[in-house]
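Since the structure comes first, as structure tokens, the remarks are kept for the end.
Residue numbers (my numbering): 83 to 189.
This is how it looks when you write it as structure tokens:
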């Protein structure tokens, strides 16, 4: 069961973070979303190094829901190229893992 859980990282403008987090949970695409409210991002864009003050969403979901989550973020995210990175879990509290499955398995 643990191999089916994903931690997804999404950087987003700060003023959009709470809305996105709430929508992901309300739509059962995520069991939980944590918001790291202030990150400074440095990246290449338009042939120059850019910087943005953003928030980071730490999203807990399942592999089965990840495709829907990714599509939802792509559709609702304000960036042309949003950061959407899914990481597999290697270990965790078994009751929490079961909870993630239960909450994302509901319609």
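Just so you know, even glycine gets a beta-carbon here, dropped at the ideal spot from N, CA and C.
Distance between beta carbons of residue 95 and residue 160, contact taken as under 8 Å: Correct: roughly 6 Å between the Cβ atoms.
Just the C-alpha distance for residue 131 and residue 123, rounded to the nearest angstrom, thanks. Residue 131 and residue 123 have their C-alpha atoms roughly 10 Å apart.
Could you check where the alpha helix (DSSP H) with residue 156 kicks off and where it finishes? Segment 145–158, the alpha helix (DSSP H) holding residue 156.
Mapping the DSSP letters down to three states, classify residue 166 as helix, strand or coil. In the structure shown, residue 166 sits in coil (DSSP, three-state: anything other than H, G, I, E or B).
From what residue to what residue does the alpha helix (DSSP H) around residue 97 run? Counted as a single uninterrupted DSSP element, the alpha helix (DSSP H) harbouring residue 97 occupies residues 96–108.
Check residue 161 in the structure and name its three-state DSSP category. Looking at residue 161 - three-state DSSP - the assignment turns out to be coil, as it is neither helix nor strand.
Identity of the residues DSSP links to residue 178 by a beta bridge: Beta-bridge pairing links residue 178 to no other residue.
When you compare only the Cα positions, how much space is there between residue 143 and residue 129? Straight-line Cα distance between these residues: approximately 34 Å.
Considering residue 122, what are the terminal residues of the beta strand (DSSP E) in which it resides? 114–127 is the extent of the beta strand (DSSP E) around residue 122.
Can you tell me whether residue 136 is buried or exposed? The criterion is at least 16 other CB atoms within 10 Å of its CB, across all chains shown. With 16 or more other Cβ atoms within 10 Å, it is buried.
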